[in-house]
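A.B. asks:
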Amino acid sequence: MSRFQLRCVQDLASLPDAWDDLLARQDAPTPFMRRDFLQQLQASGSAVAESGWQACFVLLEAGDRLCAAAPLWIKAHSWGEYVFDQAWARAYAQHGLRYYPKGVLAVPFTPVPGSRLLAEDDLARATLVRQLPLLASELGLSGLHLLFGSAADAAAMPANEWARREQPQFHWQRQPAWSSFEDFLASLRADKRKKILQERRQVRESGAQMRVQRGHEIGAADWAFWARCYAATYAVRGQTPYLADDFFAACGVEWLLFSAELDGERVAASLCAWDAERGVLYGRHWGCLREIRSLHFELCYYAPLVWCLAEGAQRFEGGAQGEHKMARGLLPVATHSFHCLADDRFADAVRRFSVQEQAAVQVYEAELVARTPFR
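For this note's numbering, count along the sequence shown from 1 and bump the result up by 12.
Written out as structure tokens, the structure reads:
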């Protein structure tokens with residue numbers, strides 16, 4: 013640490029401009045790790061101490077130069093993470109121990125794989141990894157959890173200190189032979205192709221009309237409509253939405269709003285994020301105000317894939333979980349998280365559990381691959 017200084021930032025408005033410069037040099041930068049996205053999570057009240065997300069971003073500096081950084085959140089619960097550790101929290105409680113607060117290195121409410129440990133070189137990244145557990149101890153955290161990290165993040169994790177977990181997501185990858193949605197359909201097995209055509213026909217027969225809006229085309233009235241759709245998704249589960257209404261328009265992401273209109277009224281929508289630099293479309297959110305058969309599949313998968321094929325996108329990430337996505341041409345991709353617990357007894361138990369869990373998950377992923385929807 014002789015050449016580095018470590019400091020923490022709680023007010024994300026004061027994150028240095030160099031954050032984005034450092035992010036751009038990583039192996040897997042995403043729009044969700046940019047300053048404006050992270051700052052708006054806090055500014056909108058979506059990820060703040062009152063909601064159980066206290067920012068404590070870690071900066072490793074040499075003089076005025078930002079050498080490494082990580083998005084650390086001090087958590088009072090395990091909601092909004094998409095990597096489940098509630099069983100660990102219960103085990104702590106049963107032994108009279110405190111699991112919360114814990115530290116999470118992640119993007120809140122965003123299960124998108126990408127770089128979490130930003131660094132100018134391997135030395136800076138290794139130094140950051142060594143300092144994180146020390147910082148966690150100073151902050152009184154039960155441990156640290158790096159969620160949906162990149163390959164470079166994984167390579168920096170000491171296996172004897174950080175337990176590794178694996179879970180599949182489902183992503184669509186463009187193939188050279190596909191220049192249209194019809195080409196994509198032709199590559200599928202007959203039963204999968206028939207199912208997709210049937211579901212799209214059901215939407216057409218309902219009379220619903222599709223619409224796509226991109227970036228600046230999405231106006232205030234459109235965002236107000238989207239807020240109703242987004243809230244409806246949580247209302248059916250009796251929950252409050254994670255993200256505030258004013259978050260989406262101000263977070264700096266180029267959004268695509270896919271919506272459906274019936275009888276002159278918009279009734280449902282999905283919201284995707286477009287990363288033009290990397291050619292990746294991210295499926296993020298969905299909501300409906302009126303139930304129409306197969307409309308979810310149209311707005312969340314088929315319309316985005318039609319757009320991807322027309323606009324030259326190379327990948328469509330469908331979000332966390334959901335085997336049903338395979339029938340729509342999205343294939344399993346392994347994602348990883350890493351966990352470092354301060355209590356040696358629990359750390360050892362979690363490492364042993366993770367080895368067993370990862371072996372089972374890899375068998376499951378192999379079974380998924382064998383069930384390919386393609387011919």
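Glycine included, each C-beta is placed from N, C-alpha and C at the ideal position.
This structure is a prediction, so every number in the text was calculated from the model and none was measured.
Would you kindly check if the distance between the Cβ of H348 and the Cβ of G219 is under 8 Å?
C.D. replies: It is not a contact, given that the beta carbons lie outside the stated cut-off.
A.B. asks: By Cβ distance, which residues of its chain are closer than 6 Å to F309, with the 5 residues on each side in sequence left out?
C.D. replies: Here the set comprises E211.
A.B. asks: I believe F328 touches G299 by the beta-carbon criterion, under 8 Å. Please report the beta-carbon distance rounded to the nearest angstrom.
C.D. replies: Actually they are not in contact, since the Cβ atoms of F328 and G299 sit about 19 Å apart, beyond 8 Å.
A.B. asks: Quick check: the Cα distance between G231 and A280, rounded to an integer number of angstroms?
C.D. replies: Answer to the nearest angstrom: the Cα atoms are 16 Å apart.
A.B. asks: How many angstroms separate the CA atom of D32 from the CA atom of E194?
C.D. replies: Distance between the alpha carbons of D32 and E194 is about 39 Å.
A.B. asks: Looking at A88 and Y104, is the spacing between their C-beta atoms short of 8 Å?
C.D. replies: It is not a contact, given that the beta carbons lie outside the stated cut-off.
A.B. asks: May I ask you to list the residues that DSSP assigns as paired with D287?
C.D. replies: DSSP, once it has assigned bridges, lists V292 as partnering D287.
A.B. asks: Give me, in chain order, the residues of the same chain whose beta-carbon lies closer than 7 Å to that of Q54; leave out the 5 immediate sequence neighbours on both sides.
C.D. replies: Within the same chain, Q54 has close Cβ partners L24, V60, A67.
A.B. asks: Inspect the beta-carbon positions of L130 and L27 and report whether they are closer than 8 Å.
C.D. replies: Taking 8 Å as the Cβ cut-off, L130 and L27 do not qualify as a contacting pair.
A.B. asks: Cα separation between A118 and G64?
C.D. replies: Cα to Cα, A118 sits roughly 14 Å from G64.
A.B. asks: Any Cβ of chain D within less than 8 Å of the Cβ of T42?
C.D. replies: In the structure shown, chain D does not exist; there is a single protein chain.
A.B. asks: Which residue's Cα is closest to the Cα of L151: A332, L84, L72?
C.D. replies: L151 has its Cα closest to that of L84, out of A332, L84, L72.
A.B. asks: Is H183 helix, strand or coil by DSSP?
C.D. replies: Three-state DSSP puts H183 in a strand.
A.B. asks: How big is the Cα-Cα spacing for A382 and M338?
C.D. replies: Straight-line Cα distance between these residues: approximately 11 Å.
A.B. asks: What is the C-beta distance between G227 and W267, in whole angstroms, given that I count them as a contact (C-beta under 8 Å)?
C.D. replies: Confirmed, about 7 Å.
A.B. asks: Short check: CB of L156 to CB of G92, under 8 Å?
C.D. replies: Cβ atoms of L156 and G92: not closer than 8 Å.
A.B. asks: Report back the beta-carbon spacing between R305 and I208 to the nearest angstrom; my notes put them in contact at under 8 Å.
C.D. replies: With 8 Å as the limit, R305 and I208 do not qualify as a contact, their Cβ atoms being about 14 Å apart.
A.B. asks: Do R240 and L283 have their C-beta atoms within less than 8 Å of each other?
C.D. replies: No, the Cβ-Cβ distance between R240 and L283 is not below 8 Å.
A.B. asks: Among C320, D76, M45, A236, which residue has its Cα nearest to the Cα of F69?
C.D. replies: Nearest option by C-alpha distance: M45.
A.B. asks: On the DSSP letters alone, give me the boundaries of the beta strand (DSSP E) that E266 sits inside.
C.D. replies: Residues 266-274.
A.B. asks: If you run the structure through DSSP and keep just helix, strand and coil, what is T42?
C.D. replies: DSSP places T42 in coil when its eight states are reduced to three.
A.B. asks: Using a 10 Å radius around the Cβ and a threshold of 16 neighbouring Cβ atoms, would you call V292 buried or exposed?
C.D. replies: Counting Cβ neighbours within 10 Å, V292 comes out buried, since at least 16 surround it.
A.B. asks: Whole angstroms are fine: how far does the CA of Q374 sit from the CA of F365?
C.D. replies: Looking at the two C-alpha atoms, the distance is approximately 14 Å.
A.B. asks: Going by DSSP, what residue range makes up the beta strand (DSSP E) through V116?
C.D. replies: It spans 114-117 - the beta strand (DSSP E) in which V116 sits, taken as one unbroken run.
A.B. asks: CA-CA distance, Q38 and H183?
C.D. replies: Their Cα atoms are separated by approximately 21 Å.
A.B. asks: W298 by DSSP, collapsed to three states: which one?
C.D. replies: W298: strand per DSSP, three-state reduction.
A.B. asks: Please classify E229: does DSSP put it in a helix, a strand, or coil?
C.D. replies: Here E229 sits in helix by DSSP.
A.B. asks: Write down the C-beta distance between C352 and P123 rounded to the nearest angstrom, noting that I regard them as a contact closer than 8 Å.
C.D. replies: That pair is no contact at about 20 Å.
A.B. asks: If you draw a straight line from the C-alpha of D203 to the C-alpha of F386, how long is it?
C.D. replies: Their Cα atoms are separated by approximately 10 Å.
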